[in-house]
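First residue of the sequence shown? That's 17 in our numbering, and the numbers climb one at a time after it.
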Amino acid sequence: MNDIKLSEHFNLSEFTRSATARRLGIKNEVNSQHLANLTNLCRYVLEPLRKRFGQPIYVNSGYRSQELNRAVGGAVKSFHLYGRAADIRAANLSDNNKLYALIKELRLPVHELLKEQVIKGIPTWIHVAI
Ligand SMILES: [Zn+2]
């Protein structure tokens, strides 16, 4: 399947690929509503953040089908189920706090913003949702 560009720096495959899904043979494909939500997530949050940050932003987890969400122990009503959330990180863990601060500074329209798996003050990833 051809990949779909969601915004200048983000492609759909970054939000649907999952090592867990691959390992367990779980399908993780978006429908048109999920695709629209992911596009908005990129347009209004991730792309402006990427431009300001000036470095790549990596997506650990984006869209999750019900089956995948269960497999990774996601919340029952997780925004990941709707393509409205992403778990993101910088190349260097130490820059994750900078990413978090930028999201606040830029007043990006996030509905959820969480530091996850914080170790010694540094989040392993940041959960953002619209
Ligand atoms: Zn998340």
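No residue lacks a Cβ here, since even glycine has one placed at the ideal position from N, Cα and C.
- request: Grab me the residues of HIS50's own chain with a C-beta within less than 8 Å of its C-beta, minus the 5 sequence neighbours each way, in chain order.
  value: The answer, listed in chain order, is TYR79, TYR98 and GLY99.
message: I need the straight-line Cα distance from ASN44 to ARG123, nearest angstrom please.
response: 31 Å
- prompt: Under a Cβ-count criterion, where at least 16 other Cβ atoms within 10 Å of its own Cβ denotes burial, should SER110 be classed as buried or exposed?
  reply: SER110 comes out exposed.
- prompt: How many Å lie between ALA101 and ALA145 at the Cα?
  reply: Going from the Cα of ALA101 to the Cα of ALA145 covers about 4 Å.
message: I'd like to check one pair, ASN85 with ASP103: are the Cβ atoms closer than 8 Å?
response: no
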